[in-house]
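**Student:** Here the sequence shown stands for residues 204 to 630, where the numbers follow the numbering used here.
We treat Cβ as the ideally placed atom computed from N, Cα and C, and that holds for glycine.
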Amino acid sequence: MNLAILGAQWGDEGKGKIVDLVAPHFSIVARYQGGHNAGHTVYVDGAKFILRLIPSGILHPGLTCVIGNGVVIDPRALFAEVDELGRAGIKVDERLVISDKAHLILPYHRDLDLLSEARRGERKIGTTSRGIGPAYEDKIARRGIRVGDLADPRGLEQDVRDNVTARNRLVQDNTMEWRPVLEELLQYGERMRPWVHDVSLMLSDAMRNGKAILFEGAQGTLLDIDHGTYPYVTSSNASVGGVCTGLGLGPRAIGGVLGVAKAYTTRVGEGPLPTELFGEMGHRLRESGHEYGAVTGRPRRCGWYDAVAVRYSVRINGLDALALTKLDVLDGLERIQICSSYRCGSRTLTEFPSDLGQLAACEPVYESLPGWSVPTRGVRRFADLPEPARRYVARLEEVSGVPAAIISTGSARDETILRGDVQGLKL
Ligand code: IMP
Numbered sequence: 204m205n206l207a208i209l210g211a212q213w214g215d216e217g218k219g220k221i222v223d224l225v226a227p228h229f230s231i232v233a234r235y236q237g238g239h240n241a242g243h244t245v246y247v248d249g250a251k252f253i254l255r256l257i258p259s260g261i262l263h264p265g266l267t268c269v270i271g272n273g274v275v276i277d278p279r280a281l282f283a284e285v286d287e288l289g290r291a292g293i294k295v296d297e298r299l300v301i302s303d304k305a306h307l308i309l310p311y312h313r314d315l316d317l318l319s320e321a322r323r324g325e326r327k328i329g330t331t332s333r334g335i336g337p338a339y340e341d342k343i344a345r346r347g348i349r350v351g352d353l354a355d356p357r358g359l360e361q362d363v364r365d366n367v368t369a370r371n372r373l374v375q376d377n378t379m380e381w382r383p384v385l386e387e388l389l390q391y392g393e394r395m396r397p398w399v400h401d402v403s404l405m406l407s408d409a410m411r412n413g414k415a416i417l418f419e420g421a422q423g424t425l426l427d428i429d430h431g432t433y434p435y436v437t438s439s440n441a442s443v444g445g446v447c448t449g450l451g452l453g454p455r456a457i458g459g460v461l462g463v464a465k466a467y468t469t470r471v472g473e474g475p476l477p478t479e480l481f482g483e484m485g486h487r488l489r490e491s492g493h494e495y496g497a498v499t500g501r502p503r504r505c506g507w508y509d510a511v512a513v514r515y516s517v518r519i520n521g522l523d524a525l526a527l528t529k530l531d532v533l534d535g536l537e538r539i540q541i542c543s544s545y546r547c548g549s550r551t552l553t554e555f556p557s558d559l560g561q562l563a564a565c566e567p568v569y570e571s572l573p574g575w576s577v578p579t580r581g582v583r584r585f586a587d588l589p590e591p592a593r594r595y596v597a598r599l600e601e602v603s604g605v606p607a608a609i610i611s612t613g614s615a616r617d618e619t620i621l622r623g624d625v626q627g628l629k630l
């Protein structure tokens, strides 16, 4: 059975660890959207790996890792990652597959990202400045450059010239030359060539041969371009719909959907975060959860678990279950709050508002639960959790509407509680 694993909150839920953990059940791990704005952190035998573009299954020898057409690829970032993995003794050569239809992020996209943020001023998105939005803009405007285009130097030259000229018309430093951009691109194209395939065909052949695929999402549902807190979102479909469009597969290819959610909430960048904590408690969560961006190092905004947002994610993605991460970060708190609904004027809302203005006017309604003093860090069996922690998880399951099939109690692979199956997949 194929499984999609994706973020059920605003990203940074700990998807990297969960994908790495369940990857041995699959033959292929496929990324379907986003780019090197993602930072999937995986710890193996004490060594830390931050995977940005390459699927988090790469640390398991023998697994094929696929970058789908829905991903935007910065070739510099890709090769920096390939080389970094190589230095750690992880060879990607025979195991990496890249869609010929994936769009490229070029140096001018990074400049345009910065320009767009500067122009928005106070209303800036707080992007990762990686050129993600402008690359997707070019894709939608039908002027993007795709991996497959690298095989046609003549056509590529025209496209690079046009795009660099357009960039120079917009950016104050208007001296970018198209030739070095083209030359660098051609070199990358040569190096990438053995990995480039028709991903849709390759994946459907694999399925026909009985191989199971893990679909790896980046960012989170509330950052989805359509269903997130627009405009404070990323520029791709991080929700489950992205699997079909980002890999070229029909919906029946998706056997089950596992949403990853932290036992509290974080967000990096601007935009609404109803349960945000500003005082001492926000600081406490940030420090004990090491809540600093894996890619940009920016401090993350922290708040209590928002069950309204997670329920929304359950609906948007048809989640079968949750993987609940970072439970141990709540160790030692006297009381813990769960937001189970919002108050908006005189009304109580149990569904996440579609309208950003309405969301901004919402106040979280909290339930207060007792905390626990016995550490949960590293606990591997549900029964070994302190009783208040078990009650907390049970209540999160109730208010979120799906079971927690995995509970993570630390960053290492084995600091995990596995509790049953997701759509018949034994975890
Ligand atoms: P962009 O994807 O760089 O355009 O950024 C758009 C928004 O998505 C910003 O608020 C970023 O902080 C956020 N974002 C992008 N990628 C990630 C991620 O991997 N984790 C968390 N937030 C992200």
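Do three or more CB pairs link the region 530-540 to the region 553-562 at distances below 8 Å?
**Tutor:** The region 530-540, when compared against the region 553-562, does not touch it at the 8 Å Cβ threshold.
**Student:** Quick check for students: name the residue ranges of the alpha helix (DSSP H) that lie wholly in the region 208-246, counting only runs of 4 or more.
**Tutor:** Runs of the alpha helix (DSSP H) inside the region 208-246: 218-225.
**Student:** Would you mind sorting Lys629 into buried or exposed? The rule is 16 or more other CB atoms within 10 Å of its CB.
**Tutor:** By the neighbour-count rule (16 or more Cβ atoms within 10 Å), Lys629 is not buried but exposed.
**Student:** Smallest Cα separation from Asp248: which of Arg616, Arg470, Gln626 and Ile308?
**Tutor:** Comparing Cα positions, the closest option is Arg616.
**Student:** Can Glu570 and Tyr545 be called in contact, C-beta distance under 8 Å?
**Tutor:** No.
**Student:** Cα separation between Gly453 and Leu224?
**Tutor:** Those two C-alpha atoms are separated by around 26 Å.
**Student:** Answer yes or no: the CB of Tyr435 versus the heavy atoms of ligand 1, is any distance below 7 Å?
**Tutor:** Tyr435: yes, Cβ under 7 Å from ligand 1.
**Student:** Which term fits Gln171, buried or exposed, when burial requires 16 or more other beta carbons within 10 angstroms of its beta carbon?
**Tutor:** Within the shown structure, residues of the chain are numbered from 204 to 630, placing residue 171 beyond reach of any answer.
**Student:** Tell me the DSSP secondary structure of Ala415 in three-state form.
**Tutor:** Ala415: coil per DSSP, three-state reduction.
**Student:** Is the beta carbon of Leu522 closer than 8 Å to that of Thr612?
**Tutor:** No.
**Student:** Expressed to the nearest angstrom, what Euclidean distance is found between the alpha-carbon atoms of Ile428 and Gln236?
**Tutor:** Using only the alpha carbons, I get a separation of about 11 Å.
**Student:** So does the region 292-306 actually touch the region 253-265, counting three or more Cβ pairs closer than 8 Å?
**Tutor:** Taking 8 Å as the limit for Cβ pairs, the verdict is that the region 253-265 does touch the region 292-306.
**Student:** Would you check if the distance between the CB atom of Pro606 and the CB atom of Pro591 is smaller than 8 Å?
**Tutor:** Result no, Cβ atoms of Pro606 and Pro591 do not sit closer than 8 Å.
**Student:** Please report the distance separating the alpha-carbon of Leu621 from that of Arg322.
**Tutor:** C-alpha separation (whole angstroms): 47 Å.
**Student:** Cβ of Leu631 versus every heavy atom of ligand 1: is any distance shorter than 7 Å?
**Tutor:** Residue 631 lies beyond the range of the chain shown here (204 to 630); nothing can be said about it.
**Student:** Just mark Val577 as buried or exposed, buried being the case when its beta carbon has 16 or more other beta carbons within 10 Å.
**Tutor:** When all chains shown are included, Val577 counts as exposed.
**Student:** Roughly how many whole angstroms lie between the Cα atoms of His312 and Gln390?
**Tutor:** Cα to Cα, the separation comes out at about 19 Å.
**Student:** By Cβ distance, which residues of its chain are closer than 8 Å to Gly485, with the 5 residues on each side in sequence left out?
**Tutor:** Excluding residues within five positions, the ones whose Cβ falls inside 8 Å are Glu479, Arg504, Cys505 and Gly506.
**Student:** Quick one: residues in its chain with C-beta nearer than 6 Å to the C-beta of His430, no 5 flanking neighbours on either side, listed in chain order?
**Tutor:** Excluding positions up to five away in sequence, the list reads Ser442 and Ile519.
**Student:** Please state whether the Cβ-Cβ distance between Ile222 and Ile208 is less than 8 Å.
**Tutor:** According to the sequence shown, residue 222 is Val rather than Ile. Yes, Cβ-Cβ distance for Val222 and Ile208 is below 8 Å.
**Student:** Consult DSSP for Ser491 and reduce its assignment to one of helix, strand or coil.
**Tutor:** Ser491 falls in the helix class under three-state DSSP.
**Student:** Counting beta carbon pairs with one atom in the region 303-317 and one in the region 285-293, are three or more of them shorter than 8 Å?
**Tutor:** Because the criterion of three Cβ pairs below 8 Å is not met, the region 285-293 and the region 303-317 do not touch.
**Student:** Suppose contacts are defined by Cβ-Cβ distances below 8 Å. Is Gly445 in contact with Gly462 by that definition?
**Tutor:** It is not a contact, given that the beta carbons lie outside the stated cut-off.
**Student:** Heavy atom of ligand 1 less than 7 Å from the Cβ of Gln540, yes or no?
**Tutor:** Gln540 Cβ: outside cutoff for every heavy atom of ligand 1.
**Student:** Give the straight-line distance between the Cα atoms of Ser543 and Pro502, rounded to the nearest whole angstrom.
**Tutor:** Approximately 26 Å, taken between the alpha carbons.
**Student:** Which ranges does the alpha helix (DSSP H) cover as unbroken runs of at least 4 residues, wholly within the region 362-402, from first to last along the chain?
**Tutor:** Here the runs fully enclosed are 381-395.
**Student:** Can you tell me which of the three DSSP states His306 falls into?
**Tutor:** Correct three-state label for His306: strand.
**Student:** How far does the beta strand (DSSP E) with Tyr545 in it reach, from first residue to last?
**Tutor:** Element bounds for Tyr545: Arg538 to Cys547.
**Student:** Count the CB pairs spanning the region 393-403 and the region 349-357 that are closer than 8 Å, and state whether there are at least three.
**Tutor:** Flag = yes, the region 393-403 and the region 349-357 touch.
**Student:** Counting only runs that start and end within the region 577-602, where is the alpha helix (DSSP H) found for 4 or more residues in a row?
**Tutor:** Correct list: empty.
**Student:** By Cβ distance below 7 Å, which residues in the same chain neighbour Cys547 in space, the five residues on each side in sequence not counted?
**Tutor:** Cβ neighbours of Cys547 beyond the five flanking positions: Gln561, Ala564 and Cys565.
**Student:** For the alpha helix (DSSP H) containing Lys342, name the first residue and the last one.
**Tutor:** Per DSSP, Lys342 belongs to the alpha helix (DSSP H) from Ile335 to Ile343.
**Student:** Suppose the cutoff is 6 Å on Cβ atoms and the five residues either side in sequence are ignored; what does the same chain contact list for Asp534 look like?
**Tutor:** Cβ neighbours of Asp534 beyond the five flanking positions: Pro578 and Thr579.
**Student:** Quick one: what's got a C-beta closer than 6 Å to Arg498's C-beta in the same chain, skipping five residues either side?
**Tutor:** The sequence as given places Val at residue 498; Arg does not occur at that position. So the list reads Gly242 and Thr331, once near-sequence residues are dropped.
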